[in-house]
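Only one structure is covered here, and it is reproduced in the block below.
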Amino acid sequence: MIPILLQIIAVPLITSAFIFFARYKIAWKAGWLAGSALLYTLALHFIVGIRVYQGEPIYEAYPFAPEVSMDLLYDGLSLPVGLIINILCAALAFYSIHYVVHRIDVLYPEADERTRILYYTRFYFMFLLFPAAFFGVSLATNLIQIFLFTELLTIPLYFIMGYFGYVERFRVALMCFLWAAACAVCVLTGFVLIYSQIGSFEIAELSALSGNRFFVLIVSLILLGLFTKLAIFPLHVWMPWVHAEHPTCIAGLLAVYANIALYIIVRIIILPLHADLDAFRIPIMIMALITMVYGSLLTLAQTDVKRLAACSTISQISYSVLGVAALTTWSVEGGMFFFLAHIMAKTIFFSTAGILVYITGTRSINEMGGLVAKMPVTCMLWGFGCLMLSGLPPFANFSGEWIMFTGIFTFAAYGPTIALVVAIGGITAIGLTISYTFWSLKRIFFGPLNPALANNDKIRDPPLTMSVPLILVAFVSFLIGVYPTIMMNLLHSVIGGVI
Numbered sequence: 074m075i076p077i078l079l080q081i082i083a084v085p086l087i088t089s090a091f092i093f094f095a096r097y098k099i100a101w102k103a104g105w106l107a108g109s110a111l112l113y114t115l116a117l118h119f120i121v122g123i124r125v126y127q128g129e130p131i132y133e134a135y136p137f138a139p140e141v142s143m144d145l146l147y148d149g150l151s152l153p154v155g156l157i158i159n160i161l162c163a164a165l166a167f168y169s170i171h172y173v174v175h176r177i178d179v180l181y182p183e184a185d186e187r188t189r190i191l192y193y194t195r196f197y198f199m200f201l202l203f204p205a206a207f208f209g210v211s212l213a214t215n216l217i218q219i220f221l222f223t224e225l226l227t228i229p230l231y232f233i234m235g236y237f238g239y240v241e242r243f244r245v246a247l248m249c250f251l252w253a254a255a256c257a258v259c260v261l262t263g264f265v266l267i268y269s270q271i272g273s274f275e276i277a278e279l280s281a282l283s284g285n286r287f288f289v290l291i292v293s294l295i296l297l298g299l300f301t302k303l304a305i306f307p308l309h310v311w312m313p314w315v316h317a318e319h320p321t322c323i324a325g326l327l328a329v330y331a332n333i334a335l336y337i338i339v340r341i342i343i344l345p346l347h348a349d350l351d352a353f354r355i356p357i358m359i360m361a362l363i364t365m366v367y368g369s370l371l372t373l374a375q376t377d378v379k380r381l382a383a384c385s386t387i388s389q390i391s392y393s394v395l396g397v398a399a400l401t402t403w404s405v406e407g408g409m410f411f412f413l414a415h416i417m418a419k420t421i422f423f424s425t426a427g428i429l430v431y432i433t434g435t436r437s438i439n440e441m442g443g444l445v446a447k448m449p450v451t452c453m454l455w456g457f458g459c460l461m462l463s464g465l466p467p468f469a470n471f472s473g474e475w476i477m478f479t480g481i482f483t484f485a486a487y488g489p490t491i492a493l494v495v496a497i498g499g500i501t502a503i504g505l506t507i508s509y510t511f512w513s514l515k516r517i518f519f520g521p522l523n524p525a526l527a528n529n530d531k532i533r534d535p536p537l538t539m540s541v542p543l544i545l546v547a548f549v550s551f552l553i554g555v556y557p558t559i560m561m562n563l564l565h566s567v568i569g570g571v572i
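To convert a position in the sequence shown, counted from 1, into this note's numbering, add 73.
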């Protein structure tokens, strides 16, 4: 039997290849096949999860070269990351079934049936590369694995953006590719410098870098690359374009694409090297606060429903960065908790924006209004997204913020005055999030119904394949929110034993 961790990565890759080579035979069933493959890997995650939760990290050895192994590890940190990402990828695979057909009809109205099938299967062939790469990052035990799997994400992102995106889609795809390449150069340079100093790419040996004369340079290079992916101000300029103009059916995947850099920071920098990071603590916290406030103000200025969701990501990611930068046990655990809560929230919020565009044919909030009468389920989903992003109970974001800010204020109480100022500023910034989320809820769904939409029989809730997966994601966030102990036990089993 193929080892279970290898299966988690291999199944999406094998299914992707099968869709590519049998595309005309599979045709319109490609979405169901992709979703089924991800349900299988989800089952594998639960099997692994039971063992890991009982205190049994799972390790699989795959020697590759004398200096590079391709070993795989699932522990209390990588398991929740892989599990939540798997849930989101499976939900979006089913959500995309109707959405991609809609995009093909809009972009390629003159295409014959064979060409339409080609585009449809091409989407799912590339879509499955995302979960494979995400799982690879979460399972990785050395820096080369992390680099290769992270950069693998750039390939499907470019082509899906180009083939199925919105305004100036190929230009935006190229922008995304170039920014990703710049990130890759910084991160790879840092990794090569690590090898030059300690003679290894293994994450387990990174603690040997402590006290090294090139420590500050190495960490700065890696953080520069990863902070660009996290859209930390002033490295955020790519995100409003890329997140607003991609096909909305992969919005949740792009949220993971940006946020997974936080997992990498915790895994390869904070856990092995936290004792040497004091010099980075306050500067990163200040950068995170600036990004939180700037991102919220930028979001408040938007009247495009997709760009509103895109700009909100800039602000939301920075909450997690603020948490991990405080370097206390609770702040790091809370930052990771919030990261997972945020990608669930953003999947719902952005995908619901996609439903609005799919149904109404417009992205302008000014052309909406009163849609609750015709789209009550969509209104409920947007409301869930508002509650989640605002950090209000009963969803997981509330629990994550509570834990994270407890850790931040623990540091601020004994640290420099500026730390307390940043902590207070961070918790106050939540008010801005509440403002832009519920402002959009009111503008889109309440008030008078736009006359242009009132007599349109097509204005109704979307097919169940689009709404039910999002409801299930909200249910998972609800479960974690009311019972965060399961998540915290896993995170604490790794982070609590080190920090």
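Built from N, CA and C at the ideal position, the CB exists for glycine as well.
Predicted model only: the values in this text are computed from it and were never measured.
Let me confirm a value: residue i is counted as buried when at least 16 other C-beta atoms fall within 10 Å, else exposed. Which label applies?
i	result
Gln218	buried
Trp101	exposed
Lys302	buried
Gln375	buried
Pro576	Limits of the chain in this structure are 74 at one end and 572 at the other, which puts residue 576 out of reach.
Asn528	exposed
Ser437	exposed
Glu406	buried
Phe208	buried
Thr364	buried
Pro182	exposed
Pro229	buried
Pro204	buried
Asn332	buried
Thr194	buried
How long is the line joining the alpha carbons of residue i and residue j, rounded to whole angstroms?
i	j	result
Tyr192	Gly498	47 Å
Leu526	Ile160	34 Å
Leu156	Leu150	11 Å
Ala103	Arg286	53 Å
Leu400	Ala352	11 Å
Gly368	Tyr135	43 Å
Leu279	Ala254	24 Å
Leu595	Ala486	With the chain covering only 74 through 572, there is no way to say anything about residue 595.
Leu429	Pro489	47 Å
Gly298	Leu335	12 Å
Gly396	Gly128	26 Å
Val245	Ala348	40 Å
Met143	Ala83	13 Å
Val366	Trp475	19 Å
Ala426	Ala281	47 Å
Leu563	Leu152	8 Å
Val125	Phe198	31 Å
Ile532	Thr223	39 Å
Gly554	Val141	40 Å
Thr372	Ala317	12 Å
Leu78	Ala116	12 Å
Ala206	Ala213	10 Å
His175	Ser404	43 Å
Ser95	Leu221	One point to set straight first is that residue 95 is Ala, not Ser, in the sequence displayed. Spanning the two alpha carbons is a distance of roughly 27 Å.
Ile355	Ile416	26 Å
Met477	Gly408	6 Å
Pro535	Ser169	12 Å
Below 8 Å on the Cβ atoms is my contact criterion, and I expect residue i with residue j to pass it. Report the Cβ-Cβ distance as a whole number of Å.
i	j	result
Ala163	Gly108	6 Å
Ala211	Val292	Residue identity differs from the one stated: residue 211 is Ser in this sequence, not Ala. Wrong, their Cβ atoms sit about 22 Å apart, outside the cutoff.
Leu146	Tyr132	5 Å
Leu346	Ser283	6 Å
Ala324	Leu201	Between Leu201 and Ala324 the Cβ distance is about 17 Å, and since that is not below 8 Å, they are no contact.
Phe423	Cys459	Actually they do not touch by this definition, with Cβ atoms about 13 Å apart.
Ser513	Leu381	6 Å
Glu92	Leu106	Reading off the sequence shown, one finds Ile at residue 92, where the question assumed Glu. Correct: roughly 7 Å between the Cβ atoms.
Shorter than 9 Å from the beta carbon of residue i to some beta carbon of chain C?
i	result
Cys452	No chain C is part of this structure, which consists of one protein chain only.
Under 8 Å: does the beta carbon of residue i sit that close to some heavy atom of the ligand ATP?
i	result
Val555	As presented, the structure is devoid of all ligands, the ligand ATP included, so that no description of it is given.
4 or more residues per run - each alpha helix (DSSP H) lying fully within the stretch 316–368: List check, alpha helix (DSSP H) in window: 324–338.
Three CB pairs or more closer than 8 Å across the stretch 360–369 and the stretch 422–434: No: fewer than three Cβ pairs fall under 8 Å.
Entirely enclosed alpha helix (DSSP H) segments - the stretch 220–300, minimum 4 residues: The stretch 220–300 contains, as complete alpha helix (DSSP H) runs of 4+ residues, the segments 227–237, 242–271 (chain order).
Touch test, the stretch 230–238 against the stretch 339–353, Cβ-Cβ under 8 Å, three pairs minimum: The stretch 230–238, when compared against the stretch 339–353, does not touch it at the 8 Å Cβ threshold.
Inter-stretch contact (C-beta, 8 Å, three-pair minimum) for the stretch 241–259 and the stretch 302–322: Between the stretch 241–259 and the stretch 302–322 there are three or more C-beta pairs closer than 8 Å, enough to call the two in contact.
Meets three-Cβ-pair contact criterion under 8 Å: the stretch 446–455 and the stretch 530–541: When C-beta atoms of the stretch 446–455 are compared with those of the stretch 530–541, three or more pairs fall below 8 Å, so the two segments count as touching.
Minimum length 3: unbroken beta strand (DSSP E) runs contained in the stretch 97–157: List check, beta strand (DSSP E) in window: 131–133, 145–147.
Three-pair Cβ contact test at 8 Å for the stretch 516–530 versus the stretch 459–471: Short answer: they don't touch.
Validate contact between the stretch 411–421 and the stretch 268–282 using beta carbons, cut 8 Å, 3 pairs: Contact fails between the stretch 411–421 and the stretch 268–282, because fewer than three Cβ pairs, one in each stretch, are under 8 Å apart.
Start-end ranges of the alpha helix (DSSP H) lying completely within the stretch 503–558, minimum 4 residues: Whole alpha helix (DSSP H) segments, 4+ residues: 503–518, 524–527, 537–555.
Contiguous beta strand (DSSP E) assignments of at least 3 residues, all confined to the stretch 167–227: Fully enclosed beta strand (DSSP E) runs of 3 or longer: not present.
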